[in-house]
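Residue numbers (our numbering): 3 to 251.
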């Protein structure tokens, strides 16, 4: 096995796609790529537009007839069916299959008036733009935003950490599993006091890596500092510290 290490790579350039979201900019939204036939598309949901939270969907396609840009990139007109999630940002949108034909939207926050955190789970069928709430059983996670989620196969999604003002403690380091095929929640817990669990955090990433059979956790922040650590959750066992060289930019 190779020794884990970090490196910084350079890139030649970005290429500008001359299309802008018709209703203005967005931050803390989600974006998932999917294939519709031979056409690559990206579906974007929610976010903060500088004035309020939204629950709008937008689909960017690489093949829009009559698109303004020469390479056929453009925003598609939408017909959405079903009742989708309420306005929010800081949620996760996780593809549930290799081609991204469906995605799970979980959590998020609404702070246009007051502040509210969510623990809702909704499925979007991307090819038809059809929403459906996911009915679930089991122990529902605490409502949260700025967490991380990743699909580990078979319709199972892992969710770790985030921020929540509910139930005490703003930063979280709990781990939950949602089987979207069965609609079942499962809360993971450490087997003993000596088991390693990453510190509470928000704004981190969680990425399933099939080659190592686990989910890779990196970074994040709490009220004191940003994190530069890496850990792997072995999906059949526990978290393991992954020792890598510090990344300095």
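For every residue, glycine included, the Cβ atom is placed at its ideal position computed from N, Cα and C.
In the DSSP assignment, find the unbroken beta strand (DSSP E) run with residue 46 in it and report its ends.
-> 41–50
Is it the case that the Cβ atoms of residue 187 and residue 143 are separated by a distance below 8 angstroms?
-> In contact: residue 187 and residue 143 (Cβ atoms closer than 8 angstroms).
So, residue 146 versus residue 112, is the Cβ gap smaller than 8 angstroms?
-> no
Distance between residue 140 and residue 90 (C-alpha atoms, nearest Å) = 24 angstroms
Could you pull out every unbroken alpha helix (DSSP H) segment of at least 4 residues lying fully inside the segment 146–175, listed in chain order?
-> none
Terminal residues of the continuous beta strand (DSSP E) containing residue 205?
-> Premise fails: residue 205 is in no beta strand (DSSP E) and is neither H nor E.
Quick one: what does DSSP say residue 137 is sitting in, helix, strand or coil?
-> Coil.
What did DSSP end up calling residue 35 once you bin it into helix, strand or coil?
-> strand
DSSP-derived helix/strand/coil call for residue 212 | helix
Alpha carbon to alpha carbon, how far is residue 61 from residue 74? Give it in angstroms, no decimals.
-> In a straight line, the C-alpha of residue 74 is about 13 angstroms away from that of residue 61.
In this structure, what does DSSP give as the bridge partners for residue 108?
-> 94 and 123
Mind checking who residue 74 pairs with in its DSSP beta bridge?
-> Answer is none; residue 74 lacks a bridge partner.
For residue 28 and residue 184, the rounded distance between their alpha carbons | 33 angstroms
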